[in-house]
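The sequence shown begins at 85 in our numbering and counts up one residue at a time.
Yeah, the Cβ is synthetic: ideal placement off N, Cα and C, and Gly gets one too.
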Amino acid sequence: MSIGVLALQGSFNEHLAALRRIGVKGVEIRKPEQLQHVIALIIPGGESTTMAKLAECHNLFPALRDFVKTGKPVWGTCAGLIFLANKAVGQKSGGQDLVGGLDCTVHRNFFGSQLQSFETELSVPELVAKEGGPATFRCVFIRAPAILKAGPDVEVLADYPVPLEKLICSKSVDESQEEKLRSEEKVIIAVKQGNLLATAFHPELTADTRWHSFFLKMVGEAGDQKLNCISTTEGDLSDHQTPNDLPIFQ
Ligand code: GLN
């Protein structure tokens, strides 16, 4: 069995390459029936409205919702996080379909436009406890969402102190919520809820594979099916080399 990566749009290739670097075979998912052959799924970053339109076109939503409900591990990064949230605000007019399952309200473009993209080192104690390595992780935020509200079953893995000038006051965020954001100056950017993992940033764009290994452990804990492993010397060598881990935004 392999790990599926939703391959409609966005950074699916980068996720597949990161999986290869830790010796796991990922497969591209574009059709509902392909979900039957994977034990876990990654929904990559990209543009959630476009991805939702494509998912709609391929009739993927019912199969994706079933996949989440069966308890198989699913990790959403950035647009993938938006997909998994039960509620999204700041959507384009007409809204967009969500897969749901994650008891969160997410603001689709909380950190602003492409120009406000940034990267920062954040500490994620839960990740370091499981994966070891440096105390911080380089997080790349691209037109990134943030979680404004999380339900009681949602474990917060990381939050981010929001500089006030970055705070976007969306009309869709009600006043009490806005007040809360102002006083706390923190938003949630990584969570886990049972079989679901979600990050507002892009671990697949860095050379650090600890989030992918972390997800793999969730997959291991979820069932006893054998994962399709590949030799790290198999295939195209360029994929297995550590990518040039330069800052994307400075
Ligand atoms: N904010 C974007 C959206 O609405 C997500 C950006 C990303 O995935 N890098 O889809």
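Check this for me: beta carbons of residue i and residue j, under 7 angstroms apart or not?
i, j, result
"G94", "P128", "yes"
"D329", "T293", "no"
"V122", "G160", "no"
"L92", "L125", "no"
"V183", "R149", "yes"
"Q180", "A136", "yes"
"L241", "V208", "yes"
"P245", "K270", "yes"
"L151", "L119", "In the sequence under discussion, the amino acid at residue 151 is Phe, which differs from the Leu named in the question. Against a cut-off of 7 angstroms, the Cβ pair of L119 and F151 comes out as a contact."
Using a Cβ-based criterion (distance less than 6 angstroms to any ligand heavy atom), does residue i qualify as near the ligand GLN?
i, result
"N97", "no"
"S132", "yes"
"R192", "yes"
"C223", "no"
"I226", "yes"
"P229", "yes"
"C162", "yes"
"G179", "no"
"G129", "yes"
Please report the distance separating the alpha-carbon of residue i from that of residue j.
i, j, result
"A306", "N279", "8 angstroms"
"K156", "G185", "12 angstroms"
"T341", "L206", "With the chain covering 85 to 334 only, the question about residue 341 has no answer from this structure."
"F298", "E215", "7 angstroms"
"E203", "A284", "12 angstroms"
"A282", "L300", "14 angstroms"
"T117", "L100", "According to the sequence provided, residue 117 is Glu. The question's Thr does not apply to it. For E117 and L100, the distance between alpha carbons rounds to 19 angstroms."
"D335", "K276", "It is not possible to answer for residue 335, since the shown part of the chain is limited to 85 through 334."
"Q309", "E131", "32 angstroms"
"L311", "V303", "9 angstroms"
"F195", "A234", "18 angstroms"
"I314", "S86", "10 angstroms"
"I272", "D243", "4 angstroms"
"N143", "R114", "10 angstroms"
"A274", "F96", "19 angstroms"
"I332", "F225", "10 angstroms"
"A102", "H296", "7 angstroms"
"V238", "L165", "13 angstroms"
"V158", "S201", "25 angstroms"
"T154", "K109", "22 angstroms"
"L211", "L90", "24 angstroms"
Classify residue i: buried if its beta carbon has 16 or more other beta carbons within 10 angstroms, exposed otherwise.
i, result
"L199", "exposed"
"C141", "exposed"
"K255", "Confidence at K255 is low in this model, with a pLDDT of 44, below 50, so the placement of that residue should be treated as unreliable; the coordinate-derived value is given next. Per the 10 Å Cβ criterion, exposed."
"A213", "exposed"
"P287", "buried"
"S197", "exposed"
"E98", "buried"
"G217", "exposed"
"L321", "Caution is warranted here: a pLDDT of 44 is assigned to L321, below 50, making its placement in the model unreliable, and the coordinate value is therefore given only provisionally. Exposed is the call here."
"C162", "buried"
"N193", "buried"
"G178", "exposed"
Say the cut is 6 angstroms; is the CB of residue i nearer than that to a heavy atom of the ligand MN?
i, result
"G174", "The ligand MN is absent from the structure shown, which contains only the ligand GLN."
> Do the region 161-172 and the region 228-236 touch if we need at least three Cβ pairs shorter than 8 angstroms?
Replying inline: yes
>> Does the structure place the region 205-222 close enough to the region 174-189 that three or more beta carbon pairs sit under 8 angstroms?
In response: At 8 angstroms Cβ cutoff, the stretches do not touch.
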